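Participant: Dropping a structure here in structure tokens format, bear with me for questions.
Number of protein chains: 2
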Amino acid sequence: MGHKHSKAEILAGALATAFDDGLSQVTFGRIAKRLGISDRIVVYYFPTKDDLIGEVLYAIGAELQATLAPTFSKPVANHHELLRTTWPILARPEADPVFALFFEAGGLAAAGREPFRTLVPQLVDAWIEWTAELMRGTPAHQRAEAEAGIAVLDGLLLLRQLSGSEVADRAARRIWAG
Amino acid sequence: MGHKHSKAEILAGALATAFDDGLSQVTFGRIAKRLGISDRIVVYYFPTKDDLIGEVLYAIGAELQATLAPTFSKPVANHHELLRTTWPILARPEADPVFALFFEAGGLAAAGREPFRTLVPQLVDAWIEWTAELMRGTPAHQRAEAEAGIAVLDGLLLLRQLSGSEVADRAARRIWAG
DNA sequence: CAACATTTGTAGTGATCACTGCGAAACCAT
DNA sequence: ATGGTTTCGCAGTGATCACTACAAATGTTG
């Protein structure tokens, strides 16, 4: 198979564009310009924009999971324990860009924009399921505690994005205390 | 002063466009088409897009505050009490559209897009300050409890937007219980 | 009414968007 | 080499974007 350009290379360019300029700036033209190729090739491998965004979202999900993987290793009893053990890892500057993308995707999903509207909830659900597996107890307990943990984590991480790390850390300490 | 069209009328059209199609669809042309006027008039009253979006965000902030006002009436001791009293009011279908817009703005802010990047944190801070006034205790306690309450509320409301009301309510119940 | 400022219509700017038609390479198996 | 498929350059489509020049209409004020 002849290939000067590969699909993986273009997807990497798309991800780089997303991290640099945001998801809403991931366009055929911008990716092509960044890679110094014709936008025709980008369209060739990703026939529609939804295909492109879909694969970018999937890759971001994988990136997010890779970010979380080292943290989510040993089982916990409830969402409080989850939060206390994961927050120090998640609230690091290196993790901020991927969460920024996640919240942008979440916002576009909340606004009803396709394909975010359909894909982001799936991503969140996968995250919940994955978290639930680390919980001890009955399946219902696992699921509910995972949902609670994700909710509080999302709120804290969003506050971190919008108001900075000091505010978010202070809020986290209050939540642990309560 | 002669005026067939008023600035308030155009701003109302902009808000309607935002609620219907999302913040990212608030453009000069779409507002003009919705109102059946020339986009020239829209540009006349809002010389740049940042002016337009800025005023739309301000109006959404006012709308959000109006949504919260009846709830945030009597003082509370800490963020737990705040959550328990406000959640039943906030987790109503009528409140969802304005929160959808808030999360879209938050996502664009997280992505670094102006003017969201500068305006949304101000909006969040105003919301925190406003919530802090309802807290009992020292100023530091007020502020920290308000931040914690906002964080958890945001997380739950975002989960509600992305995963639906059942999931969010279940998570809320777990957080109260904990 | 005359002088003036505010408001609005018509038209157009150059940019970017997602996406396409078409033909020429480049690659492959036979 | 020959034929067929995959890849890709070039050019262009119509749409939308923020924004502007210019002049006519519409006010307001003296």
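Protein chains in written order, with the numbering used here: chain A, 1391 to 1568; chain B, 1391 to 1568.
Heads up, the beta-carbon is just placed ideally off N, CA and C, and yes, glycines get one too.
Only a predicted model underlies this, so the values are computations on that prediction, with no experimental measurement involved.
Just how far apart, CA to CA, sit A:S1555 and A:L1547?
Facilitator: Position 165 of the first sequence, counting from 1, holds the residue named residue 1555 of chain A. Position 157 of the first sequence, counting from 1, holds the residue named residue 1547 of chain A. When rounded, the distance between both Cα atoms is 9 Å.
Participant: Is it buried or exposed for A:S1553, if we count other Cβ within 10 angstroms and need 16 for buried?
Facilitator: In the first sequence, the residue the question calls residue 1553 of chain A occupies position 163. Burial call: buried.
Participant: With 16 as the cutoff for other CB atoms within 10 Å, does B:W1517 come out buried or exposed?
Facilitator: For the purposes of this step, residue 1517 of chain B is identified with residue 127 of the second sequence, where counting begins at 1. The residue is buried, with at least 16 neighbouring Cβ atoms inside 10 Å.
Participant: The segment 1489-1523 of chain B: which residues have C-beta closer than 8 Å to a C-beta of chain A, in chain order?
Facilitator: F1489, A1490, L1491, F1493, E1494, A1495, G1496, G1497, L1498, A1499, A1500, A1501, G1502, R1503, V1510, P1511, V1514, D1515, I1518
Participant: For B:L1447, decide whether its Cβ has a neighbour in chain A, counting only Cβ atoms nearer than 8 Å.
Facilitator: For this step, residue 1447 of chain B is matched to residue 57 along the second sequence. Chain A contact via Cβ: absent.
Participant: Roughly how many angstroms separate the alpha carbons of B:K1394 and B:I1421, rounded to a whole number?
Facilitator: Position 4 of the second sequence, counted from the start, is the residue given in the question as residue 1394 of chain B. Position 31 of the second sequence, counted from the start, is the residue given in the question as residue 1421 of chain B. Computed Cα separation, rounded: 16 Å.
Participant: I want to verify the contact list: residues of chain B whose CB lies under 9 Å from the CB of A:V1542, in sequence order.
Facilitator: Position 152 of the first sequence holds residue 1542 of chain A. Near A:V1542 (Cβ distances below 9 Å), the residues of chain B are A1541, V1542, G1545, L1546, A1561, I1565.
Participant: In three-state terms, what does DSSP make of A:V1416?
Facilitator: Sequence index remark: in the first sequence, residue 1416 of chain A carries index 26 (1-based). DSSP places A:V1416 outside both helix and strand once states are collapsed to three, so it counts as coil.
Participant: Could you check which residue in A:P1478, A:L1543, A:A1499 has the C-alpha nearest to that of B:P1487?
Facilitator: Reading the second sequence from its first residue, position 97 is the one you call residue 1487 of chain B. Cα-wise, what sits closest to B:P1487 is A:A1499.
Participant: Measuring CA to CA, which of A:G1545, A:A1501, A:V1446, A:Q1455 is closest to B:A1541?
Facilitator: Here residue 1541 of chain B corresponds to residue number 151 of the second sequence, with the count starting at 1. Considering only alpha carbons, the answer is A:G1545.
Participant: So, is the C-beta of B:G1426 closer than 8 Å to a C-beta in chain A?
Facilitator: As a position in the second sequence, residue 1426 of chain B is number 36, starting the count at 1. No, B:G1426 does not count as interfacial toward chain A.
Participant: Note down, one range per segment and in chain order, each beta strand (DSSP E) of at least 3 residues found wholly within the segment 1508-1536 of chain B.
Facilitator: none
Participant: Identify whether B:H1395 lies in helix, strand or coil by the three-state DSSP scheme.
Facilitator: Position 5 of the second sequence holds residue 1395 of chain B. B:H1395: coil per DSSP, three-state reduction.
Participant: From this set, B:P1505, B:P1483, B:R1507, which residue's C-alpha is nearest B:L1551's C-alpha?
Facilitator: The residue labelled residue 1551 of chain B in the question sits at position 161 within the second sequence. Before going on, a small fix: residue 1551 of chain B reads as Gln here, not Leu. For the residues B:P1505, B:P1483, B:R1507, the minimum Cα distance to B:Q1551 belongs to B:P1483.
Participant: Please go through the same chain and pick out, in chain order, the residues whose beta-carbon is closer than 6 Å to the beta-carbon of A:I1565, but skip the five residues on each side of it.
Facilitator: Counting from one through the first sequence, the residue named residue 1565 of chain A turns up at place 175. Hits under 6 Å: none found.
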